[in-house]
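Chains as they are written, first to last, in full-length UniProt numbering: chain A, 1 to 243; chain B, 1 to 243. Backbone N, C-alpha and C fix where the C-beta goes; we use that ideal spot for every residue, glycine too. Keep in mind it's a predicted model, so treat the numbers as computed, not measured.
Protein chains: 2
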Amino acid sequence: MNPTIELLKSHRSIRKFTDRKIPHELLVELIRAGQAAATSSHVQAYTVIHVKNPANRERIAELAGGQSYVATASDFLVFCADMKRPTEASERTGANVVRGMTEQLLVASVDTALMAQNVAIAAESEGLGICYIGGIRNNPQAISDLLHLPEHVYPVFGMCLGYPAADPDVKPRLPVEAILKEDYYTDDSELVAAFDDAMQHYYSERRGGTKDSNWSRNLTPLFDSKLRAHMREFLTQRGFEMK
Amino acid sequence: MNPTIELLKSHRSIRKFTDRKIPHELLVELIRAGQAAATSSHVQAYTVIHVKNPANRERIAELAGGQSYVATASDFLVFCADMKRPTEASERTGANVVRGMTEQLLVASVDTALMAQNVAIAAESEGLGICYIGGIRNNPQAISDLLHLPEHVYPVFGMCLGYPAADPDVKPRLPVEAILKEDYYTDDSELVAAFDDAMQHYYSERRGGTKDSNWSRNLTPLFDSKLRAHMREFLTQRGFEMK
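The structure is reproduced here in structure tokens:
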């Protein structure tokens, strides 16, 4: 296992940070590393907002569901899917531009995720810890207002970055035999059952852990109510109409 | 710049491969590195189909728009967003499961992209070359049939992997000043204009290059017709209803 693969496999979310600040030049370098990720047809359909204003950091911490580390991490970035820049650029060449296609939402969201994951890895390679903040989709319109996001730009997720003040365990993953399938999709419910047992054990044994749960039971909040049921209307209003 | 950041910044798509085969153990190791990426609420909403059947490789190469390297690369993977596994696991615990929310499509697509980007980086760290194949969304239903994908699973993109038989240039990216913004979204059309000049120069000067174009003009096919206009109906039929 080479050191890069070792780094990838050692990822865990960091939510406690020291007071040490990330030098601005390093932050810029991380974004450049992000931009080097593959991008669909070279479209680079993303913009990153570096939230420095402390009041906005506090507000986003609240809007994301009371995640205080959004305010306390050295830096906080909001990764936005951006179809405004490329559609307007194309329009300036005289091209006839169609907006709001489902495909464009996918392209922009995937582009943004690929670039963010490069930023995460670059950060971790420099000894930083990171935590993705999907919770900004709890209140995407309020976040968009705070950051002055125009139409055809939407906040996909945030990311806290800083020097780690904690060393949490690496969380187990589903067996690779469930994820990687040969030629055809096959049922993997037995592997899921085995993973549930492993997670039950992990939750009871980990440092300070007394949680009685497993993977399947932990998923309940994701599916048992209409999680972030506003997303369709929000995206439609922002110009991502999913046509 | 540390070696990992250097690796990230040296990415370019590889479309020509030697005959050397990737050892199976290495491929599995790449997937494990992929699984270590952050995942929303631990949901791990992805499945990777390793397409080994040569006839299916040929067929996918065609369906993806005549991309022969899909058939000729050492290995070809189809990264699928998978909401079947977690929703069924949740259901088995007795939870009341809601499907088809727009948020769930985003979660699964982003989860898949984060894990794929880790696979890409792990592969490149081992000297392999990769190329994402968004073209599988040209004919997503035919691909889904070929791979026996069930409902609540959709193919997001493919990836060719192999030992590089070419050494193409690293393609320039938009100025970091356009991508990284402080506190608020701001206009960057002047930076785009400068980038258009840089790309025009790049296309005329690169090895074997005589192409007269720039970034903005290259975007035309993405927006001037209804690119992959079938995606909405396809996703709806697969159970991703974007409610």
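Between the region 77–97 of chain B and the region 215–224 of chain A there are three or more C-beta pairs closer than 8 Å, enough to call the two in contact. Contacts with chain B at 8 Å (Cβ-Cβ) include A/LEU235. For B/ASP212, no Cβ of chain A is located within less than 8 Å of the residue's own Cβ.
Scanning its chain for C-beta atoms nearer than 8 Å, with the 5 sequence neighbours on each side dropped, one finds around B/LEU27 the residues HIS50, ASP75, LEU161, in chain order. Exclusion of the five residues before and after B/ALA178 leaves ASP188, LEU191, VAL192, PHE195 as the residues of its chain whose Cβ lies within less than 8 Å of its Cβ. Contact check for B/GLU124 against B/HIS11 passes: the beta carbons are separated by less than 8 Å. Per DSSP, the unbroken alpha helix (DSSP H) holding A/ASP145 starts and ends at 140–146. Between the alpha carbons of A/LEU77 and A/MET159 lies a distance of about 5 Å.
Taking all protein chains shown into account, A/GLY129 has 16 or more neighbouring C-beta atoms within 10 Å of its C-beta and is therefore buried. With respect to chain A, the C-beta atom of B/VAL51 has a partner C-beta closer than 8 Å. B/TYR46 and A/THR39 have their alpha carbons spaced roughly 20 Å apart. Taking C-beta atoms under 8 Å as the contact rule, A/LEU235 and A/TYR154 qualify, at a distance of about 6 Å. Residues of the region 19–42 of chain B with a C-beta atom less than 9 Å from some C-beta of chain A are LEU27, VAL28, GLU29, LEU30, ILE31, ARG32, ALA33, GLY34, GLN35, ALA36, ALA37, ALA38, THR39, SER40, SER41, HIS42, listed in chain order. Pairing A/LEU219 with B/GLY94, the inter-Cα distance amounts to about 11 Å. With a cutoff of 8 Å on beta-carbon distance, B/HIS152 and B/ARG99 are scored as near each other.
Only exposed fits A/SER68, as fewer than 16 other CB atoms lie within 10 angstroms of its CB. With contacts defined as CB atoms closer than 8 Å, B/ILE31 and A/LEU8 fail to qualify as a contacting pair. By the neighbour-count definition (other C-beta atoms within 10 Å, threshold 16), B/GLY127 is an exposed residue. In this model, A/LEU149 and A/ASN138 are separated by some 16 Å (Cα to Cα). Non-local beta-carbon contacts of B/ALA198 in its own chain, meaning distances under 8 Å to residues more than five positions away in sequence, involve PRO172 in chain order. Going by C-alpha positions, A/ASN56 is about 13 Å away from A/ALA73. Look at the UniProt domain "Nitroreductase" (9–163) of chain B and you find these whole runs of beta strand (DSSP E), each 3 residues long or longer: 46–50, 75–82, 129–133, 153–162. Against chain A, the CB of B/LYS9 has a partner CB under 8 Å away; the residue lies at that interface. Put simply, the backbone Cα of B/ALA61 is about 13 Å away from that of B/TYR132. With a cutoff of 8 Å on beta-carbon distance, B/TYR185 and A/LEU147 are scored as near each other. Comparing alpha carbon positions, the residue from B/PRO168, B/GLU182, B/MET83, B/GLU6 closest to B/ARG238 is B/MET83. A/GLU182 is the residue among A/GLU182, A/ILE14, A/VAL107 whose C-alpha sits nearest the C-alpha of B/LYS52.
Within chain B, THR87, SER90, ALA95, VAL97, VAL98 have C-beta atoms less than 7 Å from the C-beta of A/PHE223, given in sequence order. For B/LEU227, there is no enclosing alpha helix (DSSP H), as DSSP marks it with neither H nor E.
A/LEU222 carries a helical assignment under DSSP once its states are collapsed to helix, strand and coil.
Residue burial annotation: B/ASP212 is exposed, with fewer than 16 other C-beta atoms found within 10 angstroms of its C-beta. Ranking A/ASN2, A/ARG15, A/THR4, A/MET1 by CA distance to the CA of A/ALA165 puts A/ARG15 first. B/GLU233 sits in a helix when the DSSP states are folded into three classes.
At least one beta carbon of chain A lies nearer than 8 Å to the beta carbon of B/ASP188. The Cβ of A/ILE5 sits closer than 8 Å to at least one Cβ of chain B. Under DSSP, B/LEU180 takes part in a beta bridge, and its partners are A/VAL48.
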